[in-house]
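Participant: Sequence lines, in order, name chains A and B. For this note's numbering, add 45 to where a residue sits in the first sequence, where the first one is 1. In terms of this note's numbering, the second sequence has 119 at position 127, counting the first letter as 1, and numbering is strictly consecutive. For each residue, glycine too, the CB sits at the ideal point set by N, CA and C.
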Amino acid sequence: MSGVETMTTPARRQLDANRLLTLVCVGLPLLGLVLFFLYPMVVVFLRSLTVDDGYGLANYTRVLGSTGFWRATEHSLLMGAATTVLSVFLGFIIAHGLYRCAFPGKWLIRGVIVLPLLAPSLVQALGLIFLLGRNGVISRALGVEIDIYGFWGLLIANTLYALPQAVMIIGAALVLLDARVYEAAEVMGASPSRQFRDLTLPAARFGILNAAFVCFTITITDFGNAAVIGGDYSVLATEIYSQVVGQRNFNMGAVVGIMLLLPTVVSYAIERQAMKRQQVGQVTGQVPYRPSFAAVRDPVMASLSLLICAGIVAVIGIVVYASFVTLWPYNMALSFKHYDITLAGGYSSLWMTIVISLMAATGGTLAVFLLCLGLRRLPRSAAQSIQMLAAVPAAVPGMVLGLAYILTFNSTATPLYLLYGTAALIAIVNFYHYHTQGFLTVMTGFRQLPKALEEAADSLGAGMARTAVDIIAPFIAPMLVSVFFFLFMRSMVTLSAVVFLTTPDLSVAAVTIMRLDDAGLTSQAAAFATCLMAVVCVALLGMKATLTLMGRRNRIKRPV
Amino acid sequence: MYLTVRNATKTFGSFKALDDVSIEIDRREFVCLLGPSGCGKTTLLRLIAGLSELNSGDILLEGAALSNLPARKRGFGIVFQSYSLFPNMTVAENIGYGLKIRGTPQSEISRRVTELLELVKLPKVAGKFPGQLSGGQQQRIALARAIAVDPRVLLLDEPLSALDAKVRAELRGEIRHVQRSLGIPTLMVTHDQEEALALADKIICMNHGVVVQAGTPEDLYHRPATRFVADFMGISNLVSAEPIRREFPDLMAQRPEGTGADHVACIRPEQIGLTPARDGNATVRSISFLGNLRRLEVDSAIGPLVVETHGYNSCHEGERVNLSIPPEACTWVTDDMPQQPAETAA
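#1: Of the choices 20/B, 237/B and 243/B, whose alpha-carbon is the least far from that of residue 192/B?
#2: Nearest to residue 174/B by alpha carbon, out of 112/B, 271/B, 207/B and 196/B?
#3: Would residue 388/A and residue 564/A be called neighbours here (beta carbons separated by less than 8 Å)?
#4: Between residue 326/A and chain B, is there a C-beta pair that is closer than 8 Å?
#5: So residue 419/A is in the alpha helix (DSSP H); what residue range does that whole segment cover?
#6: Determine, for residue 519/A, whether the minimum Cβ-Cβ distance to residues of chain B falls below 8 Å.
#7: In the structure shown, what three-state DSSP assignment does residue 344/B receive?
#8: Suppose contacts are defined by Cβ-Cβ distances below 8 Å. Is residue 303/A in contact with residue 125/A by that definition?
#9: Contact criterion: CB-CB distance below 8 Å. Does residue 343/A meet it with respect to chain B?
#10: Show which residues of chain A have a CB atom less than 8 Å away from the CB atom of residue 63/B.
#11: Give the DSSP bridge partners of residue 432/A, in chain order.
#12: Under 9 Å Cβ-Cβ, which residues of chain A neighbour residue 69/B?
#13: Given a threshold of 16 other Cβ atoms within 10 Å of its Cβ, counted over all protein chains shown, does residue 327/A qualify as buried or as exposed?
#14: Cβ of residue 505/A within 8 Å of Cβ of residue 88/B?
#15: Under three-state DSSP, which class holds residue 459/A?
#16: From residue 215/A to residue 241/A, what does the alpha carbon distance come to, in whole angstroms?
#17: Please report whether the beta-carbon of residue 72/B lies at a distance below 8 Å from any beta-carbon of chain A.
#18: Look at the alpha carbon of residue 90/A and the alpha carbon of residue 442/A, and state the distance between them as a whole number of angstroms.
#19: Spatial neighbours of residue 243/B within its chain, please: C-beta separation below 7 Å, excluding the five flanking residues on both sides.
#20: Within the continuous alpha helix (DSSP H) that includes residue 345/B, where are the two ends?
#21: For residue 278/B versus residue 495/A, is the C-beta spacing smaller than 8 Å?
#22: With a threshold of 8 Å between beta carbons, is residue 490/A in contact with chain B?
#23: Taking a cut of 9 Å between CB atoms, which residues from the segment 135 to 169 of chain B lie near chain A?
#24: Select from the segment 408 to 429 of chain A all residues with a C-beta closer than 8 Å to any C-beta belonging to chain B, and list them in chain order.
#25: If I measure Cβ to Cβ from residue 129/B and keep anything under 8 Å in the same chain, skipping five residues before and after, which residues do I get?
#26: Is residue 15/B helix, strand or coil when you go by DSSP?
#27: Helix, strand or coil: which one does DSSP assign to residue 169/B?
#28: Rounded to whole angstroms, what's the CA-CA distance from residue 71/A to residue 64/A? Just pull it up for me.
#29: Which residues, taken in chain order from the segment 27 to 41 of chain B, show a beta carbon closer than 9 Å to some beta carbon of chain A?
#30: I'd like the list of long-range same chain contacts for residue 10/B, defined as Cβ closer than 7 Å, with 5 residues on each side in sequence excluded.
#31: Within 8 Å, do at least three Cβ pairs link the segment 375 to 385 of chain A to the segment 231 to 246 of chain A?
#32: Can you give, in chain order, each stretch of the alpha helix (DSSP H) that sits fully within the segment 200 to 265 of chain B and has at least 4 residues?
#33: Starting from the Cα of residue 556/A, find the closest Cα among 188/A, 397/A, 459/A and 139/A and give me that residue.
#34: Just how far apart, CA to CA, sit residue 302/B and residue 269/B?
#35: With 7 Å as the C-beta to C-beta threshold (strictly closer), list the residues of the segment 82 to 116 of chain B near chain A in chain order.
#36: What does the alpha-carbon distance come out to for the pair residue 310/A and residue 268/A?
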């Protein structure tokens, strides 16, 4: 019996070593959540109640009594609703085309549809200005004056930004519907339009609902587009910014932040419920649906999808193109002169953003892995409450989280002040901003891990740490890779959470683009945005390559 | 006794999965835990493995309590229904994993892996990944992985259930051969009575979290203690005392003293003699041809019965036949499932 110890006291101690490891795995990420999420949220809430002589509702009455606030709220809700309707409608067309219609060139649509995710949201706005602004290509070609700043410009920019999410969520719902269901309907004599009405639409119902809430949340919390193309059309996100940065009125900013938090929390709660309902129908051993060509439907769907994609390419492509134009719109000769950034700091913020993003991705992936690992060994009740906490950050708008951070870390009251103005703090805010998505992805990976695999390792004598390294990590490696790149790419382009945390010495790429645009250096903003998109594209390709490589290794291992 | 479980009780919430269960396994013995799903057999195996904890009771290995010892310190081998090979490791790495953890030198591990691959008759797959093997091959590797560390007890959790019929029979022979040649005390969980009959030295039949009967396969088949066991171990005709006394009075002699209506007669279908006779005491209702045997449902004076005959048989449906039941073919069993109609269970 080599290596088997006698059944005396060491056993007890070993058991405790595993317990200790579980506590560390759960404890460290939990401490992070408390320090860098819960605590700042409490601070921002308290600040919203802080008045000259203690606590009170004076800030709220002031904000609720101002016409500016109500105008911004009305704009935010209207903009959110309009964007939601438009992006869900267009998203359904593309998702239906991709998963329920037969036409060539789907890879192109798949590739184009993710483009808006690879750039800061304000790039859509920049692109629209180059297309439809006073000096825009289209305006000049048509010889008309279009007022793109305001509602319509913001609506288009937000729709483009929300569209990828809508397509992905609705597409995922459609994929769940098994081919055999369609075959059964076919045999029973249901016409294609009946099948669409009775099978496809009901299946997509929760997907559509889910997509609607996600799009709504993205829109009302987005800052970049509103800042660049919103013009006089003030929304809640820009209202917070002007309160905090313009008027240095932190308490009022906190109030507006709390007010912005309300609709997003409600929306997120409903979205989570919709998601749960959708997953009930899932079965294993699915037969994927393979659409066959339909003479009228498919050419129409293909042209619509391509048209929408052309819009995306035009908006993003024009930014890249404009960055090379010598003097827009008077001298259209190409040159590299805008790539010589004249704003103080030049490209340093781009390098700094890469460093920050790597920090957020590495630390974040490790943290969610440890958390999931520990949660698996915790009693169900404890695990569930921690899981709920881990899923909350997605409900908090980036602007509010960023404001909470500056209120918490720019105060000398606690030693946490030491973090203020460091790259680490920006990496941390990025990680907690996107904590939920990373956590849920890794959690899904853990759910797919058969319990028996761990038990087999356990009875062969492997301890928890050993099992984690030898068995679990290789098993969920694809999920970890996805989370790593997701955190990296989001950290590269996010603006809302970090806009309050940059200092004259420490800036990030998205903020630099905004500052360049503010300074009237629009072409340089385009150049900087192009460089940023290039970095993110490389990361995306890196992720695809890594996952393909892993998939190939896995295919050798598990032929289907 | 080598391994003893004493008065084990395990509850999940308000559900009592095991209720005061005691079992024993001897050195070199092959014991099968047999029962329908939900009877507690897998729960018991997992308790022995250390994968879950007892509410009360003891598990003793050579007289020493195992309760505080985590699974990885018990030195047991386990094989799951789902193979559960590590997908990221080759076959050789899978088999050698337990030895690697124990710090065995690499050369020794390689030697042992080769030896075990020979033993499970898959000498050429060392470098392959589990996904490249068939289900039967994967389960052989899982067996090799479990025995690589010279386990003190081998635990098999429905190891054959996921395989198709032919592979199952083949691997059944393999498991028996390996267990006999290495003499590892083995506990296997199964719901397949045929598997238990073929493999076990001792069968422990469970239902609703308690042990109903333990004994040799012959005991359980020919001398079931209760209606449940008789029913679970193959097909049996269960007839209450009254019609037996009327139609086959000589079978009453087998009935133990002092038993009453709570006992029913158990008669195995292959032990009933059947001869065509115009004035016979029964009528053939239906016949199913099963290859090596025929199964007939007949209507008799003691109710419907199932009869099995080997070889050629000229009976037709609707024909009159004469049934004969030798006294030794009848066992009187406790009726532990009285809620069901006390006639024939087929």
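Facilitator: Let me spell this out:
#1: 20/B
#2: 112/B
#3: yes
#4: Summary for residue 326/A: the model assigns pLDDT 49, below 50, so the residue's position carries little reliability; its value from the coordinates is reported in the next sentence. No, residue 326/A lies away from the interface with chain B (no Cβ there is under 8 Å from its Cβ).
#5: 393 to 420
#6: yes
#7: Nothing about residue 344/B can be reported from this structure: the residues present for chain B run from -7 to 338 only.
#8: no
#9: no
#10: 500, 503 and 504
#11: None; residue 432/A has no bridge partner.
#12: 504 and 505
#13: Interpretation of residue 327/A is limited by its pLDDT of 49, a score under 50 that renders its predicted location unreliable; no figure is taken from the coordinates.
#14: no
#15: coil
#16: 14 Å
#17: yes
#18: 14 Å
#19: 236, 257, 317, 319 and 322
#20: Since the first residue of chain B shown is -7 and the last is 338, residue 345/B is not available in this structure.
#21: no
#22: no
#23: 137, 138, 140, 141, 142, 143, 144, 147 and 149
#24: none
#25: 114 and 117
#26: strand
#27: helix
#28: 11 Å
#29: 38 and 41
#30: 0, 1, 2, 32, 35, 36 and 201
#31: no
#32: 209 to 214, 219 to 224 and 233 to 239
#33: 397/A
#34: 18 Å
#35: 89, 90, 93, 94, 95 and 96
#36: 18 Å
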